[in-house]
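J.: Have a look at this one before I ask anything.
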Amino acid sequence: MAAASATPRDCTPGTPLITVEHVRKTYETRDGPVAAIAAASFDVIAGSFVSLLGPSGCGKSTLLLMLAGLEQATAGRLAIGGEPVTAPRRDIGIVFQDATLLPWKSALDNVLFPIKILKRPIADYRARGAELLDLVGLTGFHDKKPAQLSGGMRQRVAICRALIHDPDILLMDEPFSALDAITRDQMNLLLTELLEKLKKTVVFVTHSIREAAFLSDRVLVMGSRPSTITLDATVPLARPRSFAVEGSPAFNDLCARLRRSIEAAHAAEPPPPVPARPALALREQFHV
Ligand code: ADP
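The sequence shown: position 154 = 159 (this note's numbering), numbered continuously.
Right under this line is the structure:
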């Protein structure tokens, strides 16, 4: 069975595990170049939780995809454990907004799916998969198909799937933003409790100020596109955390600081376009 690591394996806690240096990203499209990121530089210390915060379209997912080796930087350098990221890596787990579970497989078989892709013996990981599902509160649901699970439950399965091969790094791209507000709160608490036990290095993309403040050790605010990191804020809240921290002056001061930084960075942006009014049907146009 793959053992849960109490500390990241190939790195010493307190040292930079992820390094991003002068990274720029421009997408070449049929309509011309789209400059997504002008310049990003930051380190992520092993075992820490760092959020990328900013409104939609500022380049958060682009940065995460480059860390995952799924997009290439136009310039600059991304490295994990000192090695340049040039292709998808096996020491990373990824969770996206959509759980994208295989509908015909059970929760446990979905969790075990990456093991099949990695061509490792499934039997060696079955107990670990069950243990992870229990850790995220899905005892009794191992055999259920995705259609029998709620949105929050499906996302818990996706988190277990990202962790099944015991990666050092977890990359999460707005994993809870499609969930209702109450479920999202529950998932935030669940994630923070899970990471107390598993101690991964996490880069988390969100556009929620409170979510970033609650979960993170550091929050990096991204400015308007083509973006830079406009604020690198340390979260002054002890762990383990419960929702009680949200009533503290430190939490609310941090949220206010993050909000001001976002507002300052995005003040010059034009307002979002007013959605075009849908064409009226002939009957409605002529009131017949
Ligand atoms: P965010 O995650 O902050 O919402 P993204 O990283 O998804 O932002 O996108 C940043 C910018 O890059 C946006 O203007 C988006 O339209 C553009 N973009 C993202 N992916 C592509 C792509 N594959 N091709 C062209 N442009 C892209």
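We put the CB at the ideal spot given by N, CA and C, even for glycine. From a predicted model like this one, the values you see are computed outputs, not experimental measurements.
Within a Cβ cutoff of 8 Å, which residues of the same chain sit near residue 53, ignoring the five residues on either side of it in sequence?
T.: By 1-based counting over the sequence shown, the position of residue 53 is 48. Same-chain partners within the cutoff: 206, 207, 222 and 223.
J.: Which of the three DSSP states is assigned to residue 240 in this structure?
T.: Working through the sequence shown from its first residue, we reach residue 240 at position 235. Reduced to three states, the DSSP call for residue 240 is coil.
J.: Compute the minimum distance between the beta carbon of residue 227 and the heavy atoms of the ligand ADP, and state whether it is under 8 Å.
T.: Counting from one through the sequence shown, the residue named residue 227 turns up at place 222. Answer for residue 227: yes, Cβ within range of the ligand ADP.
J.: By DSSP, does residue 78 sit in helix, in strand, or in coil?
T.: Here residue 78 refers to the residue found at position 73 of the sequence shown. Looking at residue 78 - three-state DSSP - the assignment turns out to be coil, as it is neither helix nor strand.
J.: Is residue 59 near the ligand ADP, with its Cβ less than 8 Å from a heavy atom?
T.: Within the sequence shown, the letter at position 54 stands for residue 59. Yes.
J.: Nearest CA to the CA of residue 108: which residue from 118, 102 and 74?
T.: If you number the sequence shown from 1, residue 108 lands on position 103. Closest option to residue 108, Cα to Cα, is 118.
J.: Could you check what DSSP says for residue 51 in three-state terms: helix, strand or coil?
T.: For the purposes of this step, residue 51 is taken as residue 46 along the sequence shown, with counting starting at 1. It is coil, neither helix nor strand.
J.: Please give me, in chain order, every unbroken run of the alpha helix (DSSP H) with length at least 4 that falls completely inside the segment 148-230.
T.: With a minimum length of 4 residues, the continuous alpha helix (DSSP H) runs that stay inside the segment 148-230 are 156-168, 186-203 and 214-220.
J.: At which residue ranges does the segment 17-72 contain complete beta strand (DSSP E) runs of 3 or more residues, listed in the order of the chain?
T.: Fully enclosed beta strand (DSSP E) runs of 3 or longer: 21-34, 37-50 and 54-58.
J.: My parser needs the alpha helix (DSSP H) runs of 4 or more residues fully inside the segment 78-129; what are they?
T.: The segment 78-129 contains these whole alpha helix (DSSP H) runs: 112-122.
J.: Please report the straight-line C-alpha distance between residue 281 and residue 60, rounded to a whole angstrom.
T.: Along the sequence shown, one-based indexing puts residue 281 at 276. Along the sequence shown, one-based indexing puts residue 60 at 55. Note that residue 281 scores 47 on pLDDT, short of 50, meaning its location in the model is unreliable; the coordinates nonetheless yield the value given after this. Computed Cα separation, rounded: 22 Å.
J.: Are the CB atoms of residue 145 and residue 184 nearer to each other than 9 Å?
T.: Working through the sequence shown from its first residue, we reach residue 145 at position 140. Working through the sequence shown from its first residue, we reach residue 184 at position 179. For residue 145 and residue 184, no; Cβs fall outside 9 Å.
J.: Based on DSSP bridge pairs, tell me the residues matched to residue 233.
T.: Along the sequence shown, one-based indexing puts residue 233 at 228. In the DSSP output, where bridge partners are listed per residue, residue 233 has 44.
J.: Taking contact to mean at least 3 C-beta pairs separated by less than 8 Å, is the segment 159-173 in contact with the segment 115-129?
T.: Enough Cβ pairs lie closer than 8 Å, so yes.
J.: Beta carbon of residue 32: closer than 8 Å to some heavy atom of the ligand ADP?
T.: On the sequence shown, position 27 is the one that residue 32 refers to. For the ligand ADP, at least one heavy atom lies less than 8 Å from the Cβ of residue 32.
J.: Can you tell which of 171, 50, 127 and 31 has its C-alpha closest to the C-alpha of residue 96?
T.: Residue mapping note: residue 96 aligns to position 91 of the sequence shown, counting from 1. For the residues 171, 50, 127 and 31, the minimum Cα distance to residue 96 belongs to 171.
J.: Near residue 25, which residues of its chain fall below 7 Å by C-beta distance, leaving aside the five closest residues on each side in sequence?
T.: Stepping through the sequence shown from its first residue, residue 25 is reached at position 20. Once the five neighbours on either side are set aside, the close Cβ partners of residue 25 are 45, 46, 47 and 83.
J.: With C-beta atoms as the reference, is residue 56 less than 9 Å away from residue 250?
T.: Here the question's residue 56 lines up with position 51 in the sequence shown. Here the question's residue 250 lines up with position 245 in the sequence shown. No, Cβ-Cβ distance for residue 56 and residue 250 is not below 9 Å.
J.: Tell me, to the nearest whole angstrom, how far the beta carbon of residue 78 is from that of residue 30; I am working on the premise that it is less than 8 Å.
T.: Along the sequence shown, one-based indexing puts residue 78 at 73. Along the sequence shown, one-based indexing puts residue 30 at 25. Contact flag correct, Cβ pair sits at about 6 Å.
J.: Rounded C-beta distance between residue 231 and residue 41? I'm assuming under 8 Å.
T.: Residue 231 sits at position 226 when you count from the first residue of the sequence shown. Residue 41 sits at position 36 when you count from the first residue of the sequence shown. Right, the Cβ-Cβ distance comes to about 6 Å (below 8 Å), so this counts as a contact.
J.: Starting from residue 259, trace the alpha helix (DSSP H) in both directions and tell me its first and last residue.
T.: One-based indexing of the sequence shown puts residue 259 at position 254. 254-271 is the span of the alpha helix (DSSP H), which, as asked, contains residue 259.
J.: In three-state DSSP terms, what is residue 143?
T.: Taking the first residue of the sequence shown as position 1, residue 143 is located at position 138. Looking at residue 143 - three-state DSSP - the assignment turns out to be coil, as it is neither helix nor strand.
J.: Taking 8 Å as the limit between beta carbons, can you name the residues of its chain near residue 187, skipping five residues before and five after?
T.: Against the sequence shown, residue 187 aligns to sequence position 182. Excluding residues within five positions, none has a Cβ falling inside 8 Å.
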